[in-house]
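Only one structure is covered here, and it is reproduced in the block below.
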Ligand code: AHR
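Numbering (our numbering), first residue to last: 857 to 1410.
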């Protein structure tokens, strides 16, 4: 079974710091031998890192919305207007920039009109994922109670300070439903009947929703289109949408999975059949990449190839990272194909689903479909992925980790009054200072990791990361993927001198370490000040770690 079949079936079932030039300094011991070196080139900017690459994804699936985001207005669980307070507090802390909703595959079965109006009048509908749930799954996962609709979701976004990114239904609703949804969200107070309905719900002012997905995975659960067919639909759905006061809508076209270069090529080829001007309607092309096959080449079967989230060996650690590391080649590859048609790169990449995907079994809440418990491995994976995004600021406009809470690569797990930040959540916290900063070229030199892959020697890079600067603040993030070797690393910053700094590390002696409702502080970041002034120092990057070094420059 492949992922397309799986989704179709679901549908059917329902530092040392050394400064260049005159000044050189390093961090740590005077005579520690180093084996690695990181060189930050402040004079070689790569572009501004879009804050939105630190985005999230909250599908109406499993315990993501119900139990995760929404606990209900009458709940004893601390909430703000029915929305889980712990989640709001955490997402403010990580400066969550954007949240994608309501799917995923769910989006192409969803009628936004079911989710507006008085909550007690809203219909219950069979959830797209109902066929995948188990007897342990709560009713809300089979039958969507529609208590979270556009109003509640946009309110959630406002509370956390994020922009909403709504995915429109292309498989099962006409273009009219799409433009009416835009009208509901964005038409000025008192201007339209839909604006009046919005006002009746307590939202007189428009939501100003800018980001809209035109379908989701249109090659699979989103309609089983060919790229040419989808391009025709994209043109139709985008040929008229209301805009108010000159507000521009940023439309994201459903894009390829993994290395489906032909989806990208054929989609663009069909789009420009009506003229290259058509490209201007597209803000971003979605790219989805999940790391799921831990079979070491034994199978491509979507079910049999999966590994376990918690029970794994060092080899599974490296295999997962290798799959995640493909993201860089995917970004470069699709970008190159896009250039064949979009020479000026008007269209950017929107990686609106990414993360590891394991077999069932590690759910913090039994019955939660697709829920898995993230470990240190997933934190390293996530850090590595965010570093890839940071290194390609000119290409990637947005990215959304799949998914926010109680699902795949979740930042948080929650059930009733229990809530825990996963190691992935801490990565987003550590990496937040990169948002909106200027990425600068950084060179990582380190011995590679070597391991045995069923009798065949295999290797993986030794250190990688990214660096960015905002005013006088340098942010450097580095992943050491080696499960047992620390890296003694000299960090060279070319182009400025350092005044002060601090270092935050996320690691654990057990690569399987994770946080649970009972033990919430097993994998947590540790910070300390760095005395960078005038001393020669070297940073030790522990095995299986990610490190954020912040340096104030003069
Ligand atoms: O994130 C889970 C599912 O994975 C999404 O609904 C779908 O878009 C993808 O295949």
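From the three backbone atoms N, C-alpha and C, an ideal C-beta is built for every residue, glycine too.
- Boundaries for residue 1220: no alpha helix (DSSP H) harbours it, and the DSSP string shows neither H nor E there.
- Residue 1221 is not a Cβ neighbour of residue 960, given a cutoff of 9 Å.
- The beta carbons of residue 1064 and residue 1055 sit no closer together than 9 Å.
- Comparing alpha-carbon positions, the option among 958, 1004, 949 and 1229 lying closest to residue 973 turns out to be 1004.
- Between the beta-carbon of residue 1284 and that of residue 909 there is about 11 Å, and that puts the pair past the 8 Å contact cut.
- Counting only residues of its own chain and dropping the five nearest sequence neighbours on each side, residue 1286 has a CB closer than 6 Å to the CB of 1360, 1381 and 1404.
- DSSP assignment within the stretch 1025–1052 yields the following whole alpha helix (DSSP H) runs of 4 residues or more, N-terminal first: 1031–1042.
- In the three-state DSSP reduction, residue 1208 falls in the strand class (E or B).
- Taking non-hydrogen atoms of ligand 1 into account, the C-beta of residue 1146 is found less than 8 Å away from one of them.
- Distances from the CB of residue 1015 to the heavy atoms of ligand 1 are all 8 Å or more.
- CA-CA distance, residue 1301 to residue 891, rounds to 9 Å.
- Within the stretch 889–945, there are no complete alpha helix (DSSP H) runs of at least 4 residues.
- Shown here, residue 1021 sits in a strand according to DSSP, grouped into three states.
- For residue 1069, the closest C-alpha among the options 1043, 1143 and 1080 is that of 1143.
- In the DSSP assignment, residue 1313 is bridged to 1308.
- If you check the C-beta of residue 1085 against ligand 1, you find no heavy atom less than 8 Å away.
- For the 9 Å CB-CB criterion, residue 1254 and residue 911 form a contact.
- It is roughly 16 Å from the alpha-carbon of residue 1341 to the alpha-carbon of residue 1394.
- Our two residues, residue 1062 and residue 971, have alpha carbons roughly 17 Å apart in a direct line.
- Taking C-beta separations shorter than 8 Å and ignoring five residues to either side along the sequence, the partners of residue 1308 in its chain run 1171 and 1314, following chain order.
- Excluding five sequence positions before and after residue 947, the CB atoms of its chain that fall closer than 6 Å to its own CB belong to 1016, given in chain order.
- Runs of beta strand (DSSP E) with 3 or more residues, each lying fully within the stretch 1106–1164, are found at 1106–1109 and 1140–1147, listed in chain order.
- Separation of the CB atoms of residue 1226 and residue 1166 is rounded to 15 Å, and the pair is thereby denied contact status at 8 Å.
- Look at the stretch 942–1010 and you find these whole runs of beta strand (DSSP E), each 3 residues long or longer: 954–957.
- For the set 1352, 914 and 1072, the Cα lying nearest the Cα of residue 899 is the one of 1352.
- In this model, residue 1180 and residue 1060 are separated by some 44 Å (Cα to Cα).
- In this structure, the alpha-carbon of residue 894 lies about 6 Å from that of residue 1346.
- According to the DSSP assignment, residue 1229 belongs to no beta strand (DSSP E), since it is labelled neither H nor E.
- Taking one beta carbon from each stretch, the stretch 989–1000 and the stretch 1105–1119 have fewer than 3 pairs nearer than 8 Å; the two do not touch.
- If you draw a straight line from the Cα of residue 1034 to the Cα of residue 1025, it comes to about 7 Å.
- Ranked by Cα distance from residue 966, the options 1066, 1023 and 1363 are led by 1023.
- A Cβ-Cβ separation of about 18 Å leaves residue 1297 out of contact with residue 1318 under the 8 Å criterion.
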